[in-house]
Amino acid sequence: MSLLVVGLSHRSAPVSVLERASLSADAKVKLLHDTLAAEPATEATVLATCNRIELYADVDKFHAGVAELSTLLAQHSGVALEELTPYLYVHYEDRAVHHLFSVACGLDSMVVGEGQILGQIKDALALGQELHSAGRLINDLFQQALRVGKRAHSETGIDRAGQSLVTFGLEQLAVGTPVVEWAAGKRALVIGAGSMSSLAAATLARVGVAEIVVANRTADRAERLAEILVASGTGVAAVAVPMARVADELTRVDVVVSCTGATGLVLTADDVLAAVSWGSAPDPAPQSPAGPDAAPARPGPAGQDADVLARLVAAAEAGGRLADAGAARTISAPVEGDGCPVGPDGRAALTGVDANSLELHGTWADQGEAAAQRQPRRTTRTQPHASSVRLALLDLAMPRDIDAAVHRIPGVRLVDIESLAEASADAPMAADVDAVRGIVAQEVAAFGAAQRAAHITPTVVALRAMAAEVVAMEVARLDGRVPDLDERQRAEVTQTVRRVVDKLLHAPTVRVKQLASEPGGAGYAEALRELFDLDPQTVASVSRADAADPMNDDDPGRAS
């Protein structure tokens, strides 16, 4: 086994790099094709989620494999190799197995113990099988990883060590209030209809929201998800709307969960500002001194009167600075056109910039974007209390769907992948984590032993084939010397000779498999070939036939 994994994850790279390095479906296919075309790799698959990008391959040269896989990741992710390299990690052979098994158990997840990663591992294996890039090693490894993950969840309380990303995100939005109590009667908008969005919708229904609106670019998928929610028995009302209706729906909902595969922003700060500013009718206000016919003042954002909004706009137009909650914020003048200084999709200027350095574009805009660098946001983001939140936003997409600057809008609470990582980074580890680590260690040892034993199988098969050939030759020779034997006698002699050969070979072949499964046991196959003068071509032909059928469950060396 020469398993190599090269990758980056939320543990090794900032979110800004993960966002830019995310792989589309087409990019994953091209990456696997190019990996197989590369000299060091014979089989491969890619595990790409919102929190990690990992390329697994069976290589014949370690250093060449690392260089080639790193280069390919950079090429297909669009992040320059020199920029990507500091965030890459490399695992080889047993360490690579240990890493994947830990990932499968949720030990390496942003929220420890979450089970969604098992579905993503299954998808990675299916992609490798579909493209015929996954051979025996990758098939064995990923199938075993799925079994290890399931075992960890069934035999331990790892589920108690953390919640799913959706549940954990909702808890962050609720700010200490029980989620069921916080969600009761709320109206939610779910943007996207993929696996994560579907999970989010189901979770919202389970915790008691009154209505769910599903928006997706493919109308059929949105309608199907809405139908499933209605039929779920939770009592939630659910409808599907086209993506063009998202801006209107923002003015009517309390909670938004977004997880799409879009490469640009789905919700800009301007969208959210407009929704919380004009989305609901203002409370009746006392008449102004000017009289009952005077035009009422336009309401501002939640918790923000028109006076303050006017000051913000004036400051923006003047390009000046405004003290906001004790912090000096740079306010830039709006640009011509649609008033958004970052372009139509907002992606180019926002990628890689820390939310602390961003201001609301339009009314608030950051003037120093070119010099901004992503810095940890551990304690700098201030969020309103749940009771004062007009619109709660949960962004589970990578790259992000929702403009990071929306957290500056009064009455808006944003929880995204990065803030989830911060919230869970210092969470206490459950005692069950130790039990899962023990399971991983056991399974890694068993998998390694099975793989090492599998390497000697072609030699054992070749030995038994040679023995069968010797038996056949000797029986034919006996026929020439004793032609008067009848069929029954000849069959009895043949069976006796075969039994003698099988008994002589049984103990050595069983023992050599045991020895070969131990660390450093690779030399036993070579010793067997030398002792019995086995034809190397015969052994190689058995190996090729074995590799051509990676799903062969009859292989005695297959991991179980």
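First residue of the sequence shown? That's 154 in the working numbering, and the numbers climb one at a time after it.
Backbone N, C-alpha and C fix where the C-beta goes; we use that ideal spot for every residue, glycine too.
Q) Of all the options Val392, Tyr677, Ala358, Thr320, which has the alpha carbon lying nearest to the alpha carbon of valine 373? A) In the sequence as displayed, the identity of residue 373 is aspartate instead of valine. Among Val392, Tyr677, Ala358, Thr320, the Cα nearest to that of aspartate 373 is on Val392.
- Query: So, histidine 163 versus alanine 550, is the Cβ gap smaller than 8 Å?
  - Reply: no
For this session: Decide if the segment 227 to 239 is in contact with the segment 166 to 175; the criterion is three or more beta carbon pairs, one per stretch, under 8 Å apart.
Result: yes
ask   = alanine 584 and aspartate 569 look like a contact to me (Cβ under 8 Å); what is the Cβ gap, rounded to whole Å?
value = No, alanine 584 and aspartate 569 are not in contact; Cβ-Cβ is about 30 Å, not under 8 Å.
I need the straight-line Cα distance from glutamate 718 to glycine 633, nearest angstrom please.
Because the chain is modelled from 154 through 713, residue 718 falls outside the range shown and cannot be assessed.
- request: State yes or no: is the C-beta of leucine 726 within less than 8 Å of the C-beta of tyrosine 209?
  value: Lying before the first or after the last residue shown, residue 726 is absent from the chain, which here runs from 154 to 713.
If you reduce the DSSP assignment to three classes, tell me which class valine 425 lands in.
Valine 425 falls in the helix class under three-state DSSP.
At the level of alpha carbons, what is the spacing between alanine 368 and alanine 400? 11 Å
Q.
For a test of the three-state rule: what should DSSP assign to alanine 501, helix, strand or coil?
A. Model confidence at alanine 501 stands at a pLDDT of 35, short of 50, so the residue's coordinates are unreliable; what they give is reported in the following sentence. Helix at alanine 501.
Handout entry: Validate contact between the segment 318 to 332 and the segment 343 to 363 using beta carbons, cut 8 Å, 3 pairs
Key = With the cut-off at 8 Å, the segment 318 to 332 and the segment 343 to 363 touch.
> Does the Cβ of alanine 337 have 16 or more other Cβ atoms within 10 Å, making it buried, or fewer, making it exposed?
Replying inline: exposed
Beta carbon of valine 628 nearer than 8 Å to that of valine 646: yes
* Does the beta-carbon distance from leucine 616 to leucine 681 come in below 8 Å? -> yes
**Q.** For glutamate 679 and alanine 375, the rounded distance between their alpha carbons
**A.** 59 Å
Quiz item: How about valine 366 and leucine 546: do their beta carbons lie closer than 8 Å?
Solution: In this structure, leucine 546 does not lie closer than 8 Å to valine 366 by Cβ.
Pop quiz: leucine 189 and serine 348 are said to be a contact at Cβ under 8 Å. What is the actual Cβ separation, rounded to whole angstroms? Contact flag wrong, Cβ pair sits at about 27 Å.
_Residue range of the unbroken alpha helix (DSSP H) whose run includes valine 383_ = Run containing valine 383: 372 to 383, per the alpha helix (DSSP H) assignment.
Option nearest glutamate 267 by Cα separation, candidates Ala257, Glu683, Leu426: Ala257
> Should glycine 521 go down as buried or exposed, given a rule of 16 or more other Cβ atoms within 10 Å for buried?
Replying inline: Here the model assigns glycine 521 a pLDDT of 29, short of 50, so the residue's position is not dependable, and the following value carries that caveat. Its Cβ having fewer than 16 others within 10 Å, glycine 521 is exposed.
Legend entry - Own chain, CB closer than 6 Å to leucine 200, minus 5 neighbours either side, in chain order: Glu207, Ala277
ask   = If we count Cβ pairs, one from each stretch, closer than 8 Å, do we get three or more for the segment 331 to 346 versus the segment 408 to 424?
value = yes
Cβ-based burial, threonine 371 [other Cβ within 10 Å; buried from 16]
exposed
Please list, in chain order, all residues of the same chain as valine 406 whose beta carbon is under 7 Å from its beta carbon, the five residues on each side excluded. Arg340, Ala341, Leu342, Val366
Which residues bound the beta strand (DSSP E) around serine 411?
For serine 411, the enclosing beta strand (DSSP E) stretches over residues 408 to 411.
- Secondary structure at proline 395, three-state DSSP: helix, strand or coil? Taken through DSSP and simplified to helix, strand or coil, proline 395 comes out as strand.
- Task: For valine 158, count neighbouring C-beta atoms within 10 Å of its own C-beta (all shown protein chains included) and say buried if the count is 16 or more, exposed if not.
- Result: buried
- Residues bridged to tyrosine 242 by DSSP? Gly160
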